[in-house]
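The next block holds one structure in the form of structure tokens; read it before the comments.
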Amino acid sequence: MNKSFRFLSLLAILTITILFYNAIDKNTTDPQTSTDKTYRIKALKLPTNLNLAGERVPLENPNIKERMDRELLVNTYWQSNGLLLIKRANKYFPILEPLLKKYGLPDDFKFLALAESAFIDETSSAGAAGMWHFMKATGKEYGLEINSNVDERYNIEKSTKVAAEYLKKSKERFGSWTLAAAAYNAGNYGVSRRLKTQQVNSYYDALLSNETERYVFRIIALKEVISNPKKYGFVFDEDDLYTLPKTRTIKVDTAIANIASFAKTFGLTYKELKLHNSWLRENKLNNKSRKLYEIKIPIK
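Mapping of the sequence shown onto this note's numbering: residues 1427 to 1726, in sequence order.
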């Protein structure tokens, strides 16, 4: 009796085990539930004409190819961030493009601004601010007003002019837009010192800090993905993209005691006015020097 009971118990356990493993096997091979049938992560074929401001990426170099591939993969498969950047680019590129042309900077540098700030109004941990992510010292050196009341790093027109001046000086120094972009990240002195020490004159031949090693490749990857979004799997309608409301400009050469009250005279809230004039950092404009400021008023 006991032997029969033990035999039946073992038989039952064996049967359950077989059924369990069959269920697992069926689940993993079922074409309706198998991951390989429902989700594909594809390797990317690098375009042969990748460049920054017409300066070609030497993809025949295995190290360069690997580094470029890394940034293209990251910016393709970080889908939520990629789609947000595409949407914001549609909002701010129409402002940047004519400014870059006006100040003699290649159009590709709008992607540098995007790489720097992602077009969001946040200050970096190092203290860089505005669309072009200037440090205070650099901004002041190039004539931007930066204090607790006014911070012109957040003024798109003025900060773009400064960025163009900085990058063009770097281009004159290094003879390369690619190195100018690298110097925007690491500083002119830092890049110059590395080139001299290593006896090279190309970004792609230099060993730089990890951040600067990735920097130019990220700009080029953003250029490629945002210029060809559907090629990289981004699907959207035109009305999914962000746009900037039209504005008119008023000129002010006096102090404003209360910006919230000032906004109300134009039928705006304080928030609405600040969204278009983030260089105004307080609820007042001191303007003791009677400087002429331009304030954007959204057209409703």
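Backbone N, C-alpha and C fix where the C-beta goes; we use that ideal spot for every residue, glycine too.
This structure is a prediction, so every number in the text was calculated from the model and none was measured.
message: Measuring straight from C-alpha to C-alpha, what distance separates S1618 and T1502?
response: Answer to the nearest angstrom: the Cα atoms are 32 Å apart.
- prompt: Taking DSSP as the reference, what is the three-state secondary structure of V1651?
  reply: V1651 carries a helical assignment under DSSP once its states are collapsed to helix, strand and coil.
- request: Verify whether the separation of the beta carbon atoms of I1652 and L1485 is less than 8 Å.
  value: No, the pair does not count as a contact, with Cβ atoms beyond the cut-off.
- request: Would you grab the beta carbon distance between S1596 and Y1610 for me? Rounded to a whole angstrom, and I think it's under 8 Å.
  value: The beta-carbon separation of S1596 and Y1610, rounded to 7 Å, stays under the 8 Å limit for a contact.
field: Entirely enclosed alpha helix (DSSP H) segments - the stretch 1530-1609, minimum 4 residues
entry: If you keep only unbroken alpha helix (DSSP H) runs of at least 4 residues inside the stretch 1530-1609, you get 1535-1543, 1562-1567, 1582-1600.
field: Between the CA atoms of K1562 and Y1580 - distance to the nearest angstrom
entry: For the pair Y1580 and K1562, the Cα-to-Cα distance works out to about 12 Å.
message: Can you list, in chain order, the residues of its chain with a C-beta nearer than 7 Å to that of N1712? Leave out the 5 residues immediately preceding and following it.
response: Counting only Cβ-Cβ distances below 7 Å, and skipping sequence neighbours, we find N1575, A1681.
field: Three-way DSSP call (helix, strand, coil) for P1488 in this model
entry: DSSP places P1488 in helix when its eight states are reduced to three.
- request: Using three-state DSSP, classify E1708 as helix, strand or coil.
  value: DSSP places E1708 in coil when its eight states are reduced to three.
- prompt: First and last residue of the beta strand (DSSP E) that includes R1674?
  reply: According to the DSSP assignment, R1674 belongs to the beta strand (DSSP E) that extends over 1673-1678.
task: In angstroms with no decimal places, state the Cα-to-Cα distance between T1455 and Y1658.
output: Any reading at T1455 must be qualified, since the residue scores a pLDDT of 49, below 50, and its modelled position is unreliable; the value itself is stated next. Each residue's CA atom was taken as its position, placing T1455 and Y1658 some 29 Å apart.
- request: Within 10 angstroms of the Cβ of K1584, are there 16 or more other Cβ atoms? Answer buried if so, exposed if not.
  value: Classification of K1584: buried, given that the 10 Å Cβ count is 16 or more.
Euclidean distance between Cα positions of R1620 and S1602: Cα to Cα, the separation comes out at about 15 Å.
- prompt: Taking 7 Å as the line, does the beta carbon of Y1668 fall inside it for any heavy atom of the ligand ZN?
  reply: The ligand ZN is not among the ligands present in this structure, which contains no ligands whatsoever.
message: If I measure Cβ to Cβ from I1490 and keep anything under 6 Å in the same chain, skipping five residues before and after, which residues do I get?
response: So the list reads P1484, Y1630, once near-sequence residues are dropped.
- prompt: Thinking C-beta only, is I1725 closer than 8 Å to T1673?
  reply: It is a contact, given that the beta carbons lie within the stated cut-off.
query: Residue range of the beta strand (DSSP E) that I1721 falls in?
result: Per DSSP, I1721 belongs to the beta strand (DSSP E) from 1719-1724.
- prompt: Between the beta-carbon of L1648 and the beta-carbon of F1537, is there less than 8 Å?
  reply: It is a contact, given that the beta carbons lie within the stated cut-off.
Sequence-distant residues of its chain with Cβ nearer than 8 Å to N1516 (five each side left out): Hits under 8 Å: L1667, Y1668, T1669.
message: Please classify R1466 as buried or exposed, where buried requires at least 16 other C-beta atoms within 10 Å of its C-beta.
response: When all chains shown are included, R1466 counts as exposed.
- request: Let me know the secondary structure DSSP gives R1482 once reduced to three states.
  value: Note: R1482 maps to strand in three-state DSSP.
query: On the premise that Y1518 lies in contact with F1545, defined as a C-beta separation below 8 Å, what is that separation, rounded to the nearest angstrom?
result: About 5 Å; that satisfies the 8 Å criterion.
field: C-beta contact flag for V1588 and Y1568 at 8 Å
entry: Yes, these two residues count as a Cβ contact at 8 Å.
task: Enumerate in chain order the residues of its own chain whose CB-to-CB distance from M1557 is below 7 Å, with the five nearest sequence positions on each side excluded.
output: So the qualifying residues of the chain are A1539, S1543, F1545, I1582, S1585.
- prompt: Going by the beta-carbon positions, is the gap between A1689 and V1642 smaller than 8 Å?
  reply: It is not a contact, given that the beta carbons lie outside the stated cut-off.
Per-residue burial, T1604 [other beta carbons within 10 Å of its own, 16 or more giving buried]: Around the Cβ of T1604, a 10 Å sphere holds 16 or more other Cβ atoms; the residue is buried.
- prompt: Which residues does DSSP pair with I1682 in a beta bridge?
  reply: Looking at the DSSP assignment, I1682 forms a beta bridge with L1711.
query: Is N1477 helix, strand or coil when you go by DSSP?
result: In the structure shown, N1477 sits in a strand (DSSP, three-state: E or B).
message: Within 10 Å of its beta-carbon, does E1633 have 16 or more other beta-carbons around it, so buried, or fewer, so exposed?
response: As written in the sequence, residue 1633 is Leu, which differs from the Glu given in the question. Exposed, because fewer than 16 other Cβ atoms sit within 10 Å of the Cβ of L1633.
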